[in-house]
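Quick note on the working numbering: the sequence shown kicks off at 269 and runs consecutively. Heads up, the beta-carbon is just placed ideally off N, CA and C, and yes, glycines get one too. These notes concern the structure reproduced below.
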Amino acid sequence: MLGLSLALPLTAARRAAGQQAAGPTSRPSHAPSFELKGRPVEDVRITGNTTVSFTVIRNLIRTQIGDKFDPAMVQDDYQRIFDLKKFANVDARVEPTKTGGVIVVFDVTEQQLVKSVAFHGNHAITSESLKTAIDIKDGQAIDSFRISLARQTIVNQYRDQNFPFAHVEVPGEALSKRGDLIFDIVEGPQVRVRNIEFKGNRSIEVGKLKEQIKSSTYLFILNAGKYDPEQVDEDVAAIRRYYEGKGFFDARVDRKLIYSPDNTELEIDFVIDEGRRYTVNRISFEGNSQIGEAAMKKDFKLKPGMAWDNEYIQSDVKKIVTAYSPLGYIYLPNSTDEDYLRVEPKQIYLQEPGKVDLVYQIHEGKRFNLGGIYVRGNHKSQDKLVLREFRELTPGSLYNSSQVQETLERLKALPYFSGVTVNPIGDDPNYRDILVDVQEGHTASFNIGAGINSNGGVGGNLTYRQSNFDITNIPDDPRDALNEHAFTGAGQSFVASFEPGTIATNASLRFTEPYIFDQAYSFSDEIYLRDRLREAYDDRRFGDRVSLQKRFDYNLSASISLRAEGVKIYQVQDPKSRSEQILEGEGTHPLTSASLQFRNDTTNPGFLPYKGTVISAGYEYVGALGGDYRFHKLTANIDGYQSLGHDLLDRKTVLGLHGFAGYIPGESPFFERFYGGGIGSLRGFRFRGVGPRDGRGADPIGGNFAATASAEINFPVYTETLRGVVFTDVGDFESQFRLGTIRSSVGVGIRLILPFLGQTPLAIDFAVPITKADGDESQLISFSLGFAQ
């Protein structure tokens, strides 16, 4: 009979490793033939097996007697047999018969098997842990390639445990004669990095250099002080790149390792020869035909005569892209598409020492109009949640890369998605579509927490929040109400919370529709209960607030709100010492109001405002719908932010300026007035510790006029989680429209952001009053600490 061998490919791993006969592999002799396809299979035979049973192999084979011969099926059978990891070689043959059929033969060459796996010399890591980590088990074929991978895996396990000198050997005699796979381990000492020094740095401060490296020193519990030789080499390269980015093109960096006598502690010295720092002699452009040099260089940070600085250069590249964006040029970082805009800064060394010319090589590419905008990956969220963020970018308009980037920042700030990418797609010569890829995040949360703050004491928190709510997405089956797709997808917000506390207890239900009928209107309704212990009485409010907002553009909005609530003043302590106003206010009072507010917000999206302003002005008429009181309330607020700079990790230092003014003409009840002091007001003073007082007990009764201002610098301290602030607060609270005693304070504080607690920072401020009035109550520390899960 004629023999026909089916050639089957090597696996990717073995091709990469270049293995030949060291372990199980296929050995094809020539390309497969499909001439016999369709003939009946008269027999399926297995040859060459001695220790592996016929039944084990036969159960893997799908080619059956009586089937029509299918080369693809035989190839799959071959792979399944090979994947047993028990054979050095597998060969599949097809032999035609005289009766017009075929016989399929699988010829196997058995490999010596691993009879046992053992670890010797391991003390820091258990044998069970090592056996779980490696991909070798008893009964598998002896494969030198896989054994080599297992050895490296064990070494990596030890390096992760701070054993950088760990070494692993496999005795060959025990393996070849008995099939005993033994990993002989020499652990070596456990090494911790105790100190990191920088030697020779004259121009760059140590703090900046530490930000470039990933190696770190041992800190009990918080940091293992791991020594990774490869990471140290990467750190050397990172420091070198940083120096080059700052214009030290001749800088040299090396590292020196200093071990303790017992080799358990290590100091890493990064040795630096800075060389000279190059300055920019001239800035020029190549390839720009649409925009002149003067227009592009107008607001550049880096100017001739200044030292080369990649941070400034990248900022200037963004300005070049911004200049080109309205003209329809597409900028996609790191793209090599000849149709897209590319801006490549290049240094030209001059004969004069320490001088370089900076040339921006510009490849303009082509102009494009925007085709369509497509969303992918939103299994729960409706497309409109993404599309409405594109604002001025509409199909048919010029493609604007700057606006696309701004849209991407807005999308990343939305609570619906955990990841967003925006890319141009298509091959039309005049149009490019935009593909928005989103990864949906968990928008529903149930938090149980506790907290303490200087304004409200100790409190608990039970909150259910769905930030991608859809009130119309009602499941057909009530049993599906808890399904993640039920009541989700429209971008509405629903929050139910209960916050019991020692001083304040709150409960509320709040619903918000940000786009009524997909128009620039929003609607919100909140039903609430608020109960609070005041200085000499208790204050309880139960009410409902309904608001309708109109957005005139993406910054300016106006809102109308209606409020109806019952205010109860009760449990007045020591009535003989209380203010007459508090005694007259004891009891329950119905209260209604209608208010109008204008707001203009130009701040950046995201958690930390670093540019723009928020200006708001409001008017409220209390008693508009009836109730015990009738008076007017006027308020104005301004918050301004300006970035003072940022580091290489783009962590910004921000100046914040804040101002507030409020005025109530005529008479008003004490529980609707303005009070000062504490977090959110005048730090350095007790909560409600600033303002008019009355009665023998000097009770705070609030002011009809308030004015406050503050300046605060917010700066990064450690990674993205810890920031510091320095601030000054000033303000006045009076019973009439006038300025009396101006209170002021100065202080410092910290803001700690922990991801598992959300984006609300833990805040601690230390402030000292500079000026104060008689009766004002000081407080050195103001804080807000919360914990939830």
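For this session: Measure the Cβ-Cβ separation of A772 and R800 and say whether it is below 8 Å.
Result: Sequence index remark: in the sequence shown, residue 772 carries index 504 (1-based). Sequence index remark: in the sequence shown, residue 800 carries index 532 (1-based). Result yes, Cβ atoms of A772 and R800 sit closer than 8 Å.
For this session: Consult DSSP for K383 and reduce its assignment to one of helix, strand or coil.
Result: Here residue 383 refers to the residue found at position 115 when the sequence shown is read from its first residue. If DSSP states are grouped into helix, strand and coil, K383 belongs with coil.
Problem set entry | According to DSSP, residues forming a beta bridge with H926 | Within the sequence shown, numbered from 1, the residue matching residue 926 stands at position 658. D907, S978, per the DSSP bridge assignment.
For this session: For E441, collect the residues of the same chain with a Cβ closer than 7 Å to its Cβ; drop the 5 residues on either side in sequence, then sort them by chain order.
Result: Mapped onto the sequence shown, residue 441 falls at position 173. For E441, where only same-chain residues beyond five positions count, there are no Cβ hits under 7 Å.
For this session: Select from Y628, G622, K399 the residue whose C-alpha is nearest the C-alpha of R610.
Result: Working through the sequence shown from its first residue, we reach residue 610 at position 342. Per the Cα distances, Y628.
Problem set entry | Given 8 Å, three or more beta-carbon pairs between the stretch 931-944 and the stretch 953-971 | yes
Exercise. Which value, in whole angstroms, describes the spacing of the CA atoms of S397 and A356?
Worked result: On the sequence shown, residue 397 is found 129 positions in, with the first residue counted as 1. On the sequence shown, residue 356 is found 88 positions in, with the first residue counted as 1. Going from the Cα of S397 to the Cα of A356 covers about 29 Å.
Exercise. Taking DSSP as the reference, what is the three-state secondary structure of P296?
Worked result: Translated into positions along the sequence shown, residue 296 becomes position 28. Reliability of the predicted coordinates at P296 is poor, the pLDDT of 39 falling under 50, and the value obtained from them is presented with this limitation in mind. Of the three classes helix, strand and coil, the one that applies to P296 here is coil, per DSSP.
Problem set entry | Assigned secondary structure, Q734 (DSSP; H/G/I helix, E/B strand, else coil) | Residue 734 sits at position 466 when you count from the first residue of the sequence shown. Here Q734 sits in strand by DSSP.
Exercise. Straight-line CA distance for N868 to F658?
Worked result: For the purposes of this step, residue 868 is identified with residue 600 of the sequence shown, where counting begins at 1. For the purposes of this step, residue 658 is identified with residue 390 of the sequence shown, where counting begins at 1. Distance between the alpha carbons of N868 and F658 is about 20 Å.
Problem set entry | Which of helix, strand or coil DSSP assigns to I349 | For the purposes of this step, residue 349 is taken as residue 81 along the sequence shown, with counting starting at 1. Note: I349 maps to helix in three-state DSSP.
For this session: Just the C-alpha distance for Q849 and L1053, rounded to the nearest angstrom, thanks.
Result: On the sequence shown, residue 849 is found 581 positions in, with the first residue counted as 1. On the sequence shown, residue 1053 is found 785 positions in, with the first residue counted as 1. Distance between the alpha carbons of Q849 and L1053 is about 34 Å.
Problem set entry | Spatially closest choice to L638 from S593, S603, D896, L679, by CA coordinates | Along the sequence shown, read from residue 1 onward, the residue named residue 638 stands at position 370. The shortest Cα separation from L638 among S593, S603, D896, L679 belongs to S593.
Exercise. Does any C-beta atom of chain D lie closer than 8 Å to the C-beta of L730?
Worked result: In the structure shown, chain D does not exist; there is a single protein chain.
Exercise. Under 8 Å, do A754 and N736 count as touching if we go by C-beta distance?
Worked result: If you number the sequence shown from 1, residue 754 lands on position 486. If you number the sequence shown from 1, residue 736 lands on position 468. Taking 8 Å as the Cβ cut-off, A754 and N736 do not qualify as a contacting pair.
For this session: Could you check which residue in E363, K366, D359 has the C-alpha nearest to that of F374?
Result: Position 106 of the sequence shown holds residue 374. Closest by alpha carbon: D359.
For this session: For P292, count neighbouring Cβ atoms within 10 angstroms of its own Cβ and tell me buried if that reaches 16, exposed if not.
Result: The count along the sequence shown starts at 1 and reaches residue 292 at position 24. Its pLDDT being 39, under 50, P292 is placed unreliably by the model, and nothing is read from it.
For this session: Have a look at Y789, F568, S936 and flag the residue whose alpha-carbon is nearest the alpha-carbon of Q817.
Result: Here residue 817 refers to the residue found at position 549 when the sequence shown is read from its first residue. The residue with the shortest Cα to Cα distance from Q817 is Y789.
Problem set entry | Residue range of the beta strand (DSSP E) that includes N357 | Position 89 of the sequence shown, counted from the first residue, corresponds to residue 357. 355-364 is the span of the beta strand (DSSP E), which, as asked, contains N357.
Exercise. What runs of the beta strand (DSSP E), each 3 residues or longer, lie entirely inside the stretch 761-824?
Worked result: Counting only runs of 3 or more, we get 772-781, 789-801, 806-819.
For this session: Please classify A409: is it buried, with 16 or more other beta-carbons within 10 angstroms of its beta-carbon, or exposed?
Result: As a working note, residue 409 is residue 141 in the sequence shown. With 16 or more other Cβ atoms within 10 Å, it is buried.
Exercise. Say the cut is 7 Å; is the CB of I536 nearer than that to a heavy atom of the ligand HEM?
Worked result: Within the structure as shown, the ligand HEM is missing, as the structure has no ligands at all.
Exercise. Q499 lies in the alpha helix (DSSP H); which residues open and close that run?
Worked result: Your numbering for residue 499 matches position 231 in the sequence shown. Counting along the chain, the alpha helix (DSSP H) containing Q499 begins and ends at 497-513.
Exercise. Among all the DSSP beta bridges, which residues are the ones paired with R1011?
Worked result: Residue 1011 sits at position 743 when you count from the first residue of the sequence shown. According to DSSP, R1011 bridges with G999.
Exercise. Which residues mark the beginning and the end of the beta strand (DSSP E) in which Y628 is found?
Worked result: In the sequence shown, residue 628 corresponds to position 360, counting from 1. Residues 623-631.
Exercise. Hey, Q671 and L655: beta-carbon distance below 8 Å or not?
Worked result: As a working mapping, residue 671 is identified with position 403 in the sequence shown. As a working mapping, residue 655 is identified with position 387 in the sequence shown. Using a Cβ distance threshold of 8 Å, Q671 and L655 do not count as a contacting pair.
Problem set entry | Cutoff 6 Å; reference T870; Cβ partners in own chain excluding five residues on either side | In the sequence shown, counting from the first residue as 1, residue 870 sits at position 602. By the criterion of a C-beta distance shorter than 6 Å, T870 is surrounded in its chain by N823, G880, T881, once the five residues flanking it on both sides are discounted.
Problem set entry | Three-way DSSP call (helix, strand, coil) for Y897 in this model | Residue 897 sits at position 629 when you count from the first residue of the sequence shown. Here Y897 sits in coil by DSSP.
For this session: Just confirm the distance between the C-beta atoms of K336 and R307, as a whole number of angstroms; I'd bet it's less than 8 Å.
Result: Residue numbering aside, residue 336 sits at position 68 when the sequence shown is read from its first letter. Residue numbering aside, residue 307 sits at position 39 when the sequence shown is read from its first letter. Contact flag correct, Cβ pair sits at about 7 Å.
Exercise. What are the boundary residues of the alpha helix (DSSP H) that A591 is part of?
Worked result: Counting from one through the sequence shown, the residue named residue 591 turns up at place 323. Following the DSSP letters along the chain, one finds A591 inside the alpha helix (DSSP H) bounded by residues 578-592.
For this session: Please state if the CB of L859 and the CB of Y887 are separated by a distance shorter than 8 Å.
Result: The sequence position of residue 887 within the sequence shown is 619, counting from 1. The sequence position of residue 859 within the sequence shown is 591, counting from 1. Their beta carbons are not under 8 Å apart, which means Y887 does not touch L859 by this criterion.
Exercise. So what does DSSP say about T400, is it helix, strand or coil?
Worked result: Counting from one through the sequence shown, the residue named residue 400 turns up at place 132. T400: helix per DSSP, three-state reduction.
For this session: Mind checking which residues open and close the beta strand (DSSP E) that includes A442?
Result: As a working mapping, residue 442 is identified with position 174 in the sequence shown. Counting along the chain, A442 falls outside any beta strand (DSSP E), though it belongs to the alpha helix (DSSP H) covering 440-446.
Exercise. What are the partner residues of Q707, as DSSP defines its beta bridges?
Worked result: Here the question's residue 707 lines up with position 439 in the sequence shown. DSSP output for Q707 lists G687 as bridge partner(s).
For this session: Taking only runs that begin and end inside the stretch 826-874, name each unbroken alpha helix (DSSP H) of 4 or more residues, in chain order.
Result: 848-853
Exercise. In whole angstroms, what separates the C-alpha of I1021 from that of L1030?
Worked result: Residue mapping note: residue 1021 aligns to position 753 of the sequence shown, counting from 1. Residue mapping note: residue 1030 aligns to position 762 of the sequence shown, counting from 1. Those two C-alpha atoms are separated by around 6 Å.
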